[in-house]
Amino acid sequence: MSDSKIKGSCVCEKIHYELTGQPITNIICHCDTCRKITGSVFMANSMYMKENFNIIAGEDVLKVYDDKPPGSKNTIHRHFCSNCSSPIYTTSTGNPEYESALTVTSGTMDLGTDSWKPSMEVFCMRRRGFISPFEETDKHEKAPF
Ligand SMILES: [Zn+2]
Ligand SMILES: [Zn+2]
């Protein structure tokens, strides 16, 4: 793949962003938090370096929920549209190795049907029973990070 640009937006379209370069990895997460945050059965995110992500419009309507899981040293900062509630991206603090990266929700990316493919599945122990494991993913029972 070339260094294509990916554009994305929330459902009310107040927030627009752009991604350049390639993701570090594409992750499906089956954990309880990701299910609640999306209101769906798993979360599908791309991890990018922060410099590859740019908010083009709507910075003023972005809101952040600081999620500190009990017993974890990491705080997850979940950025979402305060107008329509779409989750856009998350950053984290507490683990220096990941502070230069962020994860962007694949559902908000304006992509064709074949353009996004998971390379990793995490918290497989929490996968809802009706969902078959995805092919060609690196599978982890919990989090690899
Ligand atoms: Zn919105
Ligand atoms: Zn998760």
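To convert, note that position 75 of the sequence shown is 75 in the UniProt record's numbering; the numbers rise steadily by one, no gaps. All C-beta atoms, glycine included, are put in the ideal place defined by N, C-alpha and C. Being a predicted model, the structure only gives us computed values, none of them experimental.
- The UniProt domain "CENP-V/GFA" (6-117) is shown to contain whole alpha helix (DSSP H) runs of 4 or more residues at 32-38, in chain order.
- Each residue's CA atom was taken as its position, placing residue 58 and residue 80 some 11 Å apart.
- The residues 75, in chain order, have a CB closer than 6 Å to that of residue 68 in the same chain once the five nearest residues on each side in sequence are set aside.
- With contacts defined by Cβ atoms closer than 8 Å, residue 8 and residue 114 do not form a contacting pair.
- Apart from sequence neighbours up to five positions away, the residues of its chain that approach residue 139 with a beta-carbon distance below 7 Å are 121, 124, 133, ordered along the chain.
- Here residue 100 has 49, 50 as same chain residues with Cβ atoms under 7 Å from its own Cβ, once five neighbours each way along the sequence are excluded.
- Straight-line spacing of the CA atoms in residue 21 and residue 53 works out to 9 Å.
- Separation of residue 42 and residue 28 (C-alpha to C-alpha, rounded to the nearest whole angstrom) is 7 Å.
- Beta-bridge analysis with DSSP links residue 120 to 27, 138.
- In its chain, beyond the 5 residues on either side, 8, 9, 10, 86, 88 have a beta carbon closer than 7 Å to the beta carbon of residue 108.
- Each of 10, 12, 14, 81, 83, 84 has a C-beta closer than 5 Å to some heavy atom of ligand 1; these make up the full list, in chain order.
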